[in-house]
Structure formats: C-alpha cells, structure tokens
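In this note's numbering, the protein residues as written are 75 to 371. Glycine included, every Cβ here is placed at the ideal spot set by N, Cα and C.
Structure, rendered in structure tokens:
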C-alpha cells in the first residue's frame, strides 16, 4: 500500500494536473466516519465534495456520512457502496489489512500551536475520583467509550492499559455510546467511572461553551513533545483519505493531486477545521498497536 502511494506521489511530482489525461464522467461517493453524528459529518465535509467536484469537473463527488452503529462504514466499504473514505486510522488499518482500501493522503489539523498531523486519546473522570490515576486503576470500573472501532476513543487506551498490566476487555465493564460527546456527557452525569475520547475533543467542547476544564480530570496525563492537547496515550498519524477497491489510476492521481494542493484558506479546509492534506503518514504505528492489543483481522 505504501509503495502504491509512493508511485502516485512520484507521478504527481512529474506531471502537472493540467497535463493528466481527461477522465470520463463519473459520480463518486466519499464515505466519512460520522463519529460526532451524521449531521455534524455532513456540515463538516460537504464542502470537500463541492471542492473536488469543482476542481475535477465533470466528475462529481458526494459526501456520505457513515456511523459506527451496525458497522455501517465497514459494510459500505466491503459492499463497494462508496469509492473513497475518510476515517480514523484504526478503522483504516483494519480495512487495509483486509485488502479493501489504499491510502492517498493524511489530513493536517489546525491547532493554536500550528499545524499537526497526529492525535491520540484522553481518559477522563470526575475531579472527585482521585483514586483513579492510571490505566491500571480502571480494573473493575465502568468505562464509557464511543466505539470499539474508535482509535482515539478505545484502541489507543486499550494498548496503554495492556502496557500497564491490565486488559480492559477482561477486567472492566465497557459501554459503547456511539458518539464522543455522549461519552463526556455521561461522565458529567456520573453514569460511569471514566470515559475515553479522542484528544482535542475536550478543548473543542470548552471552546464551544459545552464544557469547562474543571468539570473533568485527565487520567494518566502525558506530554508528547509540543502536542498542544490534553493527552493520555501515545500519538498516531491523523485520519487518512483512502480509495476503496480498484479506483482507476488516473482518477486516483487526480484526486490525490487535488487534495495535496488544497490551500489552508480554501472553504473546504476551513469548514472541515483542517489545514489541508499531505502525503500519507506512517501507519505502521497503528499496525503495532493492533498486534500488541490483538486487534484487527
């Protein structure tokens, strides 16, 4: 998969977009993992569909929000109901190992400290739960998560717990709420001992006035270089934009070229809250996680 991406990038470096062969008319569906809900996913990514459609006319690109519930995105990929996907690295890695997808680009995120292309997870509890200080302290506890398919909301935490000598699948009660915000809300209501969410979510909710920092406490806080967000885990490459199955090479090249050239001030980037796209990151760290935690196919 990495070799294929390198070949695409070499092609791009040698061929201007205008010089690429014209492509036939076509309608392509871009499945987006709706980890904050489908309405949010549409609002956030619809401009990407408009951007790709405008830049690559007469091709048309439609954004399709797909949820964790019922493995909706996985089924859409396996059944080839979508042509491209934007999803979390854990879900992508699982699909890649099964031979369904190939990465084209990795998204770049905007933070107050500049552009970043990595993320992790943050474990939270109520401030009064001072007895919970590390992942090893979750044994016997009730934990709420968005989904077991979520990298930032479950899989990265599972790895850290195993490193500390506990397998949360065996020693904790875990409830999936299908949405990261619902995890935070459940903790605030005292419905669970702790919750796992993607790093940057807490700051995002505070910025929107949905939460105050003093309402939750971070368990197992760590600092990774200049990473600007609350964090409890190691860091992993950001979400990839991937093609499903065997998309015609000339179309894949045009899509990749268009994503890489997206300016940070393009409406599609602004609405999505990203700085654009870059060459695919090294997802071997996610493969390592899968191996250590016994995840994936």
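Uninterrupted beta strand (DSSP E) stretches inside the region 100-126 (no shorter than 3 residues):
101-107
Identify whether residue 310 lies in helix, strand or coil by the three-state DSSP scheme.
strand
Have a look at residue 198 and residue 227 and give me their C-alpha separation to the nearest angstrom.
Distance between the alpha carbons of residue 198 and residue 227 is about 11 Å.
For residue 162, count neighbouring C-beta atoms within 10 Å of its own C-beta (all shown protein chains included) and say buried if the count is 16 or more, exposed if not.
buried
Which runs of the beta strand (DSSP E) fall wholly inside the region 138-168 and span at least 3 residues, in chain order?
158-160
Cutting at 6 Å between CB atoms, please list the residues of its own chain near residue 352, excluding the five before and the five after it.
180, 182
Please name the residue, chosen from 116, 103, 108, that lies closest to residue 342 on a Cα-to-Cα basis.
Of the candidates 116, 103, 108, the one whose C-alpha sits nearest the C-alpha of residue 342 is 116.
Along the chain, where does the beta strand (DSSP E) containing residue 178 start, and where does it finish?
175-185
Looking only at its own chain, which residues have a Cβ that is under 6 Å from the Cβ of residue 189, when we skip the five neighbours before and after it?
182, 349
6 Å Cβ shell around residue 303 - same chain, five flanking residues per side excluded
273, 274, 277
Proximity winner among 218, 332, 164, 290, relative to residue 233 (alpha-carbon distances)
164
Does the beta-carbon distance from residue 196 to residue 271 come in below 8 Å?
It is a contact, given that the beta carbons lie within the stated cut-off.
Do the CB positions of residue 194 and residue 308 come within less than 8 Å of each other?
yes
State yes or no: is the C-beta of residue 355 within less than 8 Å of the C-beta of residue 295?
Using a Cβ distance threshold of 8 Å, residue 355 and residue 295 do not count as a contacting pair.
Can you look up residue 234 in the DSSP assignment and give me helix, strand or coil?
helix
Using three-state DSSP, classify residue 263 as helix, strand or coil.
coil
Work out the CA separation of residue 318 and residue 262 for me, nearest whole Å.
39 Å
Roughly how far, in whole angstroms, is the beta-carbon of residue 370 from the beta-carbon of residue 171, given that I think they are within contact range, below 8 Å?
6 Å
Residues bridged to residue 331 (per DSSP)
Paired residue(s): none; residue 331 is not in a bridge.
Express the C-alpha separation of residue 156 and residue 95 in angstroms, rounding to a whole number.
At residue 95 the pLDDT is 36, less than 50, meaning the model places this residue with poor confidence; the figure from the coordinates comes in the next sentence. Each residue's Cα considered, the two are about 24 Å apart.
Tell me which residue opens and which closes the alpha helix (DSSP H) that residue 358 is part of.
Per DSSP, residue 358 belongs to the alpha helix (DSSP H) from 358-367.
Span of the beta strand (DSSP E) holding residue 196?
195-199
Between 286, 314, 213, 166, which has its C-alpha nearest residue 244's C-alpha?
213
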